[in-house]
Structure formats: structure tokens, C-alpha cells
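Since the structure comes first, as C-alpha cells, the remarks are kept for the end.
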Amino acid sequence: MKGKKIAVATLLVMLTTGTPVYAETNASISARTGQITPYYAYLSRIGAGLSIEGNGYAICSGDIVLFKNYDSEITLTLQRSKNGVSWSNVTSWSKSFSGIGSHSLEKGYYVSPGYTYRILNTSKIKSGSTILETATCYSSIKKY
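Printed below as a string of C-alpha cells:
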């Protein structure tokens, strides 16, 4: 009888004691990786990247992965800010692609010191002249 009481007491403690569980939010993942991946009808991935070398040469990149056979266009916009709040466009590049699969664009540009920089990838999925979907993604922020 005593063993049964101990077993019941142990079971009650186990059932009433919770273990805290913490989940990482999409926002914190996005801030860490520089990528946002919500559900899209035609894209399985969109990404943006920025690295700045010691001489101020910025390597700007963007990519998409289409899982349906359509035309697409990647536009990369290099943006800068003095305060990290208000951003202005420095320059941009665009490239068109056809078909399913992975597509990417990479360009270089010499940046000025004293600013914070980021890349905006604006990608459009098209059927002829009709835009089916527009997706955007920012790179991580880099100071120079």
C-alpha cells in the first residue's frame, strides 16, 4: 500500500510539473540570417547578401529558387543609412531569368565610409507581362 501511495504521488508531481519550452520566432531567425522565407506560390527561397571588403568594395548578391516554370526578374538595390532608420537607394541592378530552379545575381560597388549598408532583393515572377508574385528580402546590415 505504501508503494502505491509513493507511485501515485510521483505520478501527480510529474503531471503537474511543467517544463518551460521556448521557440525561436521567425523574426529572430530573419534578423540572424538576413533571410525571410514566408509562403510563396512560386518561390521556395529568396535571399540577399552583402559583404564589404576593407577597401570599401561591396559584394552584393541576391538569389531565388522557383519551383514552377515561369520567367523571373531579380532587382538588387544597394541602400545606405546614417542612422539605421532612414534608408536611401545608392544604386540598383536587374537581371531576367527563365525557367524553374535557382537564379542569382551578384554585383560589386565601391561604397563610401561612414554609412550602414544593406541589400534589398525585389524579385518578380512573371507570365508574359503579367506579374504573378513579388517577393522582397533584405540582407544583414553592414557598417563601413
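In terms of mature numbering (1 follows the signal peptide of the UniProt record, and there is no 0), the sequence shown is residues -23 to -1, 1 to 121.
Using N, Cα and C, we set each Cβ at its ideal position, and we do this for glycine too.
This one's a predicted model, so the numbers in the text were calculated from it and none came from an experiment.
Whole angstroms is fine: what's the gap from residue i's alpha carbon to residue j's?
i, j, result
"R56", "R95", "Note that residue 56 corresponds to Gln in the displayed sequence, not to Arg. Each residue's alpha carbon lies about 5 angstroms from the other."
"V42", "W64", "27 angstroms"
"R23", "G31", "Note on residue identity: the sequence assigns Ile, not Arg, to residue 23. If I take the Cα positions, the gap works out to 27 angstroms."
"S7", "K45", "Unreliable positioning characterises S7 in this predicted model, as indicated by a pLDDT of 47, which lies under 50. A coordinate reading is not provided."
"S69", "Y16", "26 angstroms"
"S73", "G91", "33 angstroms"
Using CA atoms only, rank isn't needed, just tell me which of the options is closest to residue i.
i, options, result
"V88", "K120, I102 and S100", "K120"
"N60", "G85, T93, G76 and Y17", "T93"
"L82", "Y16, L20, S21 and A25", "A25"
"S71", "Y47, G78 and G39", "G39"
"L109", "S49, F74 and Y86", "S49"
"K75", "S58, G85 and S100", "Reading the sequence as shown, one finds Ser at residue 75 and not Lys. Nearest C-alpha to S75: S100."
"S104", "T113, Y47 and L20", "Y47"
"S117", "L20, G33, S106 and C37", "C37"
Can you tell me whether residue i is helix, strand or coil according to DSSP?
i, result
"Y34", "strand"
"V42", "strand"
"I6", "Unreliable positioning characterises I6 in this predicted model, as indicated by a pLDDT of 46, which lies under 50. A coordinate reading is not provided."
"residue 126", "With the chain covering only -23 through 121, there is no way to say anything about residue 126."
"S63", "coil"
Since residue i and residue j should fall inside the 8 angstroms C-beta cutoff, what is the C-beta to C-beta distance between them, to a whole number of angstroms?
i, j, result
"A18", "G85", "Contact doesn't hold; Cβ gap of about 33 angstroms is too wide."
"I51", "N98", "6 angstroms"
Complete beta strand (DSSP E) runs within the segment 71 to 121 (minimum length 3 residues, chain order)
78 to 87, 93 to 104 and 107 to 115
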